[in-house]
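Chain order of the listed sequences is A and B.
So the working numbering is basically just the index in the first sequence, starting at one, shifted up by 518.
So the working numbering is basically just the index in the second sequence, starting at one, shifted up by 193.
Cβ atoms here follow ideal geometry from the backbone N, Cα and C, with glycine treated the same way.
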Amino acid sequence: MKNKKNRIKRSLEIIPGVLSWGIILLLVLLSAWKPVLCAAVIITFDFYWIIRTLYLTTLLIMAHHKLYRQRHRDWLADCRAAGNGRDWERIYQLVVFPVYKEGLDILRPSLASLKECSYPKERMVVVVSFEERHLLSRETAATLEAEFKDCFGGYISTSHPDNLPNEARTKGANATWAAKKGKEFISARNIPYDDVIISCFDADTCVDPGYFGCLTYHFITNPRPHQASYQPIPVYNNNIWHAPSFARLVEISASFCQMIESMRVEKFVTFSSHSMSFKTLVKIDYWPLNMVSDDSVVYWRAFLFYNGHYRVVPLYITVSMDAAYGDSLWKTVRMQYMQKRRWAWGIENFPFLVTGFMNNRFISLPQKIRKSFQLLESHITWAVWAIIITLIAPLPILLGGSFFIQMPISYNLPRIAGILLNCTLASSLVWILLSRIILPPRPKGVKWIKNVVMIVEWVIVPLIILILGSVPALDAQTRLMFGKYMEFYATEKKRRRSA
Amino acid sequence: MSNEQRIRAFLFYSSVVIFCAGLPLLLSFAFGYKFDRRTFKFSRTGLFYLKTQPPGADVYLDKILLDGKTPLTLNELLPGNYEVRVELHGYYPWSEDVTIEESKITRLDKVILFPIRNNLKKINKSSVAYFYLDRERDAVYYLDGPERILYRCGLEGERRVPMAKLPALQSQKVKYVFSVDRNKLLYFSSSQIGVVYLQQRREPSPERSPFILDYPQSDIRDVFWHSDSFHLVIVTSRSVEVMEATPRSFPIVLAKLNRRDVQAYYDTGGDTLWFLDQEKTPEGETHGNLYKLELDSRTSPLYELIKIKNEE
């Protein structure tokens, strides 16, 4: 029985890689054997891509508008109005920070941002969970405890032991450890789990002062508050002015993708720093202990637990994190690549979800098919789109031979591709404009010319698309296909203080 | 349904409609179809690409001036014959009847327009009997006929320098051959061979003086420079000989020939002489043969032979 389950799981792990590589190889072969058909497929894909880009850019504008409109909203006043001054006052915030090697320069601003929040501190419990295997963290833990112990209703500094049974070295394992420590604290004070919202933040997450007000408002106004995760908009503003162009553009694009996803609620899945009902988290047995993409798996676990009646509520408020970059361009590219590959490892959710669906009789078949397809389609598209647009598009002309060169489509293919991609560039102008609006003010010590650089740098977007567009996703799917499972790669964070 | 959801749904379905409606149009355009508004039908067309050198010429299609200048692409041309005329001020017009085939590109990308006033320039100052263009050095060598002086100048006739005075041969029918290093000029008639050095040293040397060899007995068919620019390979009606290009050198006979009108080709790259000769078979019949004579210092004892001969 177990062997059969393993075989099914392996088959499902192989599917994404086979499909992505199949599409790429099929198009390469078609470009030589059936160049006319290949050119037609490429034109169709290019057209689909431009329509999709324009549609998503419109969603981005809408999301941005919502974010902009709600930025000065007094959420606590809304909470009082919504719950007749009662409901919100019983809500406790349990905030967990799974920490690996991050030092004081990263953690102190994160905790300080919690301290600056408008939410009543006596109803906030903070758990900072360090990895025991990282010995240097003890000193950091002691320093932070001395600084922040009295700032919140509860402050727990803990060390997650190494090599616990059934655990891999993942962020999810540490987050689960932290949540269980928080549970002990909450249980000891007889706080009902129903009244606790847990937020799992990356170590570099600095929240907006109104974050917990916003979260509480959405929680108490939700008819099914425990059947939802709450996802803020991640921005990488902590060090955005100091990050090199390459890293900055990638992170801004990642923020925009999250904003777009927030508008497509039926496909929205938790990502990075997020919040949810503590009661639900306990019921679904916390975050996974041995999966890299813990942030999204926890959503699917809850989705399966509630038989499909679970969703992600977008919060139009930002949490700010660090852009990942290294000392040199090469290191920056490598770090970004590793981070994107870790994100793309979210494809491990596909076998998890499908096997979960196979064991669930309460979710309807159309919903199972829809959700599985959405997950698979998004990852397959991620793995092939940039390769099709940049590398496969010229192949029919290069490999098509003299017969193809005589066809009008051989002449029209590059022209149509050029026109369509110019439309994409037009949408990039919108992205440039919006990127300026979500930027924090220019820190002291950063020259004004950086404003110009941050506009001009968008010309390297095609290069980024080529390097980071599809390759990390294809890499992740290939590894999964061959059963070379990834370990959690903690992105090293670097922050330079302004003068 | 909230307003936001309505807007999103509208955007989504609009995108689907645009995609579904636009894709057939886009693909039909890509495949060269044209929608005929009169008949409400798609008809297959061809594509015509015209590129001229120089570019920027006006294009007339069936005597109608088209928008745009070369290089020019005409999409959606109905299949058939068209008269294409290209005009550019200062150049001869070009015209041709072109057949446009459906679903095909007709390419005319090698059209050269020639200027009406040719850029003709006289390089020499007096009568020229021979010239040689040295692209490696961007130089022209020419022989002034009456004075028998070899000049060298730039490609535009500038920086003219006298290189050597050529002693006259008895015959007027002369061939000229530069050595591989371009430092010597060989010229020969059917009975004489002359060699001049083009780079004279400050102090005159008898070794580098011009000289003429007489061949009264045999008819000189061809003379070649060895790749070392020092030896001459001489093909006469009687033999193949080799000698140093110095006044006191003696020729060495490498092969005796039977055929008087021998054909020869010298491959400087491999220092090999190819020649056509004939032999008599024991039955008394003549038999034509192609011979290959290797004169490369690495493969032949030529240099040893010359050394021995000179020592004698």
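Residue i to residue j, Cα distance in whole Å?
i, j, result
"B/Leu483", "B/Ala357", "38 Å"
"A/Leu629", "A/Met1004", "30 Å"
"B/Glu437", "B/Leu425", "6 Å"
"A/Arg933", "B/Phe222", "11 Å"
"A/Gln588", "A/Gly672", "30 Å"
"A/Ile881", "A/His897", "23 Å"
"B/Ser411", "B/Asp470", "16 Å"
"B/Asp302", "A/Ala558", "26 Å"
"A/Pro679", "A/Gly844", "29 Å"
"B/Tyr253", "B/Glu276", "8 Å"
"A/Lys527", "A/Asn878", "16 Å"
"B/Ile257", "A/Ala944", "37 Å"
"B/Arg237", "A/Pro553", "19 Å"
"A/Glu640", "A/Arg656", "26 Å"
"B/Val281", "B/Arg300", "Note that residue 281 of chain B corresponds to Leu in the displayed sequence, not to Val. So the two alpha carbons sit approximately 20 Å from each other."
"A/Pro990", "B/Ile305", "50 Å"
"B/Phe324", "B/Asn376", "15 Å"
"A/Trp861", "A/Ser811", "7 Å"
"A/Val971", "A/Ile770", "15 Å"
"B/Ser195", "A/Leu530", "37 Å"
"A/Ile704", "A/Arg608", "13 Å"
"A/Leu998", "A/Pro912", "29 Å"
"B/Asp460", "B/Trp467", "8 Å"
"A/Ser946", "A/Leu733", "32 Å"
"A/Pro959", "A/Leu574", "27 Å"
"A/Ala686", "A/Lys1002", "15 Å"
"A/Val614", "A/Leu622", "16 Å"
"B/Leu259", "A/Trp567", "35 Å"
"B/Val370", "B/Val416", "8 Å"
On the three-state DSSP scale, how would you describe residue i?
i, result
"B/Gly387", "strand"
"B/Ser420", "coil"
"A/Gly919", "helix"
"A/Ser705", "helix"
"B/Glu280", "strand"
"A/Ser946", "helix"
"A/Asn940", "helix"
"B/Lys500", "Its pLDDT being 47, under 50, B/Lys500 is placed unreliably in this model, and the value from its coordinates should be taken loosely. Correct three-state label for B/Lys500: helix."
"A/Thr676", "strand"
"B/Leu301", "strand"
"A/His760", "coil"
"A/Ile778", "helix"
For residue i, report the span of its alpha helix (DSSP H) as first-last.
i, result
"A/His583", "Pro553 to Arg587"
"B/Lys377", "Here B/Lys377 belongs to no alpha helix (DSSP H); instead the beta strand (DSSP E) covers Lys377 to Phe381."
"A/Val977", "Careful: A/Val977 lies outside any alpha helix (DSSP H) and carries neither H nor E."
"B/Ala223", "Asn196 to Ala223"
"B/Lys473", "No alpha helix (DSSP H) holds B/Lys473; the beta strand (DSSP E) holding it covers Thr465 to Lys473."
"B/Lys227", "Looking at the DSSP string, B/Lys227 is not in any alpha helix (DSSP H); the run it does join, the beta strand (DSSP E), is Tyr226 to Asp229."
Under 7 Å between beta-carbons, which chain B residues line up against residue i? List them in chain order, please.
i, result
"A/Gln749", "Correct list: empty, because the minimum Cβ distance to chain B is about 16 Å."
"A/Thr873", "By Cβ distance, chain B contributes nothing, its closest Cβ being about 31 Å from A/Thr873, past 7 Å."
Hey, quick one: how far does the beta strand (DSSP E) through residue i stretch, first residue to last?
i, result
"A/Tyr735", "Counting along the chain, A/Tyr735 falls outside any beta strand (DSSP E), though it belongs to the alpha helix (DSSP H) covering Tyr729 to Thr739."
"A/Glu649", "Met642 to Glu649"
"B/Asp529", "Past the edges of chain B, shown from 194 to 505, lies residue 529 of chain B, and the structure says nothing about it."
"B/Pro355", "Val354 to Lys358"
Against residue i, what residues of chain A qualify as contacts under a CB-to-CB distance less than 9 Å, listed in chain order?
i, result
"B/Lys234", "The premise fails here: B/Lys234 is roughly 18 Å from chain A at the closest Cβ pair, so nothing lies under 9 Å."
"B/Gly215", "Phe565 and Ile569"
For a contact defined as C-beta to C-beta under 8 Å, what are the partners of residue i on chain A?
i, result
"B/Lys297", "Gln924, Met925 and Pro926"
"B/Ile211", "Ile569"
"B/Thr528", "The structure shown has nothing for residue 528 of chain B, since chain B only spans 194 to 505."
"B/Phe205", "Tyr573"
Give the interface partners of residue i over in chain B, defined as CB-CB distance under 8 Å, in chain order.
i, result
"A/Ile561", "Leu219, Leu220 and Ala223"
"A/Ile934", "Leu219, Phe222 and Ala223"
Given that residue i touches chain A, what residues does it touch there, using C-beta distances under 7 Å?
i, result
"B/Arg330", "Residues of chain A passing the Cβ test: none, with the nearest at roughly 40 Å."
"B/Ser208", "Ile569 and Tyr573"
"B/Leu240", "Pro926 and Tyr929"
So residue i contacts chain B; which residues on that side make the cut at Cβ distance below 9 Å?
i, result
"A/Phe880", "Correct list: empty, because the minimum Cβ distance to chain B is about 26 Å."
Segment contact, 8 Å Cβ cut-off, at least three pairs: the segment 655–666 of chain A with the segment 764–781 of chain A:
no
Counting Cβ pairs closer than 8 Å, one from the segment 283–294 of chain B and one from the segment 336–348 of chain B, do we hit at least three?
no
Take every Cβ of the segment 921–937 of chain A, pair it with every Cβ of the segment 573–593 of chain A, and state whether three or more of those distances are shorter than 8 Å.
no
I'd like to know if the segment 592–601 of chain A and the segment 779–794 of chain A are in contact, where contact means that at least 3 CB-CB pairs between them fall below 8 Å.
no
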